[in-house]
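Keeping their order, the protein sequence lines are chains D and G. Its first residue numbered 51, the first sequence is counted upward by one per residue in this note's numbering. Its first residue numbered 37, the second sequence is counted upward by one per residue in this note's numbering.
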Amino acid sequence: MEKARKRQFGIIATIVLAAVIVLGLMWATATAKKNAEHQDTLARVEKLGRIVWGVKADTKLFGLMNTKTGIPEGFDIDIAKALTVQISKQTGVPMSAEFVPVSSSSKMQLIKNTNIDGSVSTMTITPERKKIIDFTDQYFDAGQSILVKKDSGINSIKDMNDSKYTVIVVVGTTAATETKKFAPKAKILAVQDYATGMQALKSGQGQAMSTDNAILYGFATENPDYHIAGSTFTHGPYGIAFDKNQGPMIREANQALATIKENGEYNKLIKKWFSDVPGLDWHSLEAK
Amino acid sequence: MALLENNFPTFMQGFGYTLLSSIIALIGSMILGTGFAIMQIMPQVWIRKIGNIYVQIFRNIPLLVITFFFFLVVSKYVKMSGFTSGTVALMLYTSAFIAETVRAGILSVDAGQMEGARANGLSFGQALRFIILPQAFRVALPSLGNQFINLVKNSSILAFVGGLDLMYQGNMIAATTFETFSTYIVVGIFYLIITLPLSYYMQHLERKLKHAA
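If you want it as structure tokens, here you go:
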């Protein structure tokens, strides 16, 4: 009797536990779906009086965490600040800018989950991404390049079309697919962030790191033994990302972007961040 | 489910590498761990010291740090891929915990057993092998099972160094399909496919050995 009872309890406990797990998963899926549903971003930021921007924290020149203050600094952050001020003026609602560090792989999900309102995070405008999220007009003109050791003898991405070469990329960037197009035989090593990628390049885990020229310039300034090989082989302008179907927010952001380009604020930021990069004609980046 | 269908070969590749890494690390850490456990109960003080230092170092450093050490530092001198460095790090890290588990098992065996064995003419090594260790493993088995399951889950460290494992492929798929949530659910289920039979087998082994006692 005692044994049968124990067994019965065991069976019931198992069923209850399984049910809890299944229900929990269903609830989590439903919540994720609900978060992914359409919400008006502009209405939300106006109501809360703040725009939460997703920015990079590991990318020199664009968004790099200042370890003393704990606040990321860079071109992207300054653009986001300028846009916030401009959008506040346009809507008449005072808004502050807040910054959340995002990684290449997490930014899309964070936008979908509304953890962040928008993202200024060196994000290339691609047709695949456009299906999931909306982009503003381009705020920076970039293209993919490779960073190699100066004495490596590699002069362009085409030289790397050999299975003995490994190209280091960062998960969640467009670099992996583009590299495969230009050097299909080369191996790809995807790492979590640019800092790890640079370390991996230095320790010989790969012969080149491939991503946007703008990001590579930051690494070239820091590491004199390395340089950019060849010109850019893709054209991939950066856009500011918002959730899908955010017409009003995109309109405001585009208008704000156009305004800061016109009044010279944009060019000031270009000068502030890119005038010291060796070998870069920063005037070519200015808004015309 | 379309996600699983479209990316099935990728998931399977990741599953294969996770399994391979786990098996290598499991066997390796079992051998190393037992070795260092024995070192720690040797009569010679200096051998005990060495064993203890090894365990303290690898037990108290985060696995990620050990992995990056092999991936970024050691690989400058000895060529090794992300998979190798991750697996070696996982093996050393786990072996420290296994050493402690096995040592606890050995200590649980009454000191009289060793004395008795020695008095009957067995050498220290023989006594260890035929008398002490079989009893120690029986005691250590439940926590060894825990270590093995942790090892399988910790193999996700490979993702950080491009080790092509499940987590790495999951990251890649999530990044290209943007279906982050569903991807990681599938990844979780694949891990369960390894860990559930493993824990069941460990339980089975426990029961079997209990009856043998």
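Each residue gets a CB set at the ideal place from its N, CA and C atoms; glycine is no exception.
- At a C-beta separation below 7 angstroms, isoleucine 62 (chain D) has no neighbours in chain G, since its nearest C-beta there lies roughly 20 angstroms away.
- Residue pairing by DSSP places methionine 115 (chain D) opposite D:Pro122 in a beta bridge.
- Between the region 116-123 of chain D and the region 162-177 of chain G, the count of Cβ pairs shorter than 8 angstroms is below three; the stretches do not touch.
- With its beta carbon less than 8 angstroms from one in chain G, valine 241 (chain D) belongs to the interface.
- CA-to-CA, the gap between asparagine 295 (chain D) and arginine 94 (chain D) works out to about 14 angstroms.
- Chain D places no beta carbon closer than 8 angstroms to that of glycine 181 (chain G), leaving this residue out of the contacts.
- A straight line joining the alpha-carbon of glutamine 58 (chain D) with that of serine 155 (chain D) spans about 47 angstroms.
- Secondary-structure assignment with DSSP links proline 151 (chain D) through a beta bridge to D:Val105.
- In the DSSP annotation of this structure, the continuous segment of the beta strand (DSSP E) that includes lysine 199 (chain D) starts and ends at 194-199.
- Residues of the region 91-108 of chain G whose Cβ lies closer than 9 angstroms to any Cβ of chain D, in chain order: Phe104, Phe107 and Leu108.
- With contacts defined by Cβ atoms closer than 8 angstroms, lysine 208 (chain D) and phenylalanine 232 (chain D) form a contacting pair.
- By the CB criterion at 8 angstroms, alanine 258 (chain D) and leucine 197 (chain D) fall inside the cutoff.
- Judged by their CB atoms, asparagine 273 (chain D) and lysine 235 (chain D) are not nearer to each other than the 8 angstroms cut-off.
- Less than 8 angstroms separates the beta-carbon of alanine 153 (chain G) from that of alanine 163 (chain G).
- Contact annotation: in the region 110-143 of chain G, residues whose CB is within less than 8 angstroms of a CB in chain D are Ser111, Lys112, Lys115, Ser117 and Gly118.
- Within the DSSP bridge table, the entry for lysine 237 (chain D) names D:Thr216 as partners.
- Collapsing the DSSP output to three states places alanine 258 (chain D) in a strand.
- For the 8 angstroms CB-CB criterion, isoleucine 182 (chain D) and phenylalanine 105 (chain G) do not form a contact.
- Around the beta carbon of valine 101 (chain G), a 10 Å sphere encloses fewer than 16 other beta carbons of the protein chains shown; the residue is thus reported as exposed.
- With respect to chain G, the C-beta atom of alanine 250 (chain D) has a partner C-beta closer than 8 angstroms.
- In this structure, the beta-carbon distance from isoleucine 142 (chain G) to alanine 73 (chain G) falls below 8 angstroms.
- By the CB criterion at 8 angstroms, phenylalanine 44 (chain G) and leucine 202 (chain G) fall outside the cutoff.
- For phenylalanine 190 (chain D), the enclosing beta strand (DSSP E) has its first and last residue at 183-190.
- The residues Ala279 and Gly280, in chain order, have a CB closer than 7 angstroms to that of serine 206 (chain D) in the same chain once the five nearest residues on each side in sequence are set aside.
- Between asparagine 207 (chain G) and chain D, the shortest Cβ-Cβ separation is below 8 angstroms.
- In this structure leucine 67 (chain D) is exposed. Its beta-carbon is surrounded by fewer than 16 other beta-carbon atoms within 10 angstroms.
- Threonine 79 (chain D) counts as exposed, since fewer than 16 other beta carbons sit within 10 angstroms of its beta carbon.
- Taking 8 angstroms as the CB threshold, methionine 173 (chain D) stays off the interface with chain G.
- Ranking D:Lys56, D:Ile218 and D:Pro144 by CA distance to the CA of glycine 254 (chain D) puts D:Ile218 first.
- For serine 281 (chain D), no Cβ of chain G is located within less than 8 angstroms of the residue's own Cβ.
- Under the three-state reduction of DSSP, alanine 73 (chain G) is assigned to helix.
- Under the three-state reduction of DSSP output, threonine 223 (chain D) falls in the coil class, being neither helix nor strand.
- When DSSP reads this structure, threonine 174 (chain D) sits in a beta bridge with D:Tyr288.
- Counting along the chain, isoleucine 265 (chain D) sits inside the alpha helix (DSSP H) bounded by residues 263-272.
- For serine 169 (chain D), DSSP records a beta bridge to D:Gly104 and D:Ala291.
- The region 189-204 of chain G and the region 49-64 of chain G touch, with no fewer than 3 CB-CB distances between them shorter than 8 angstroms.
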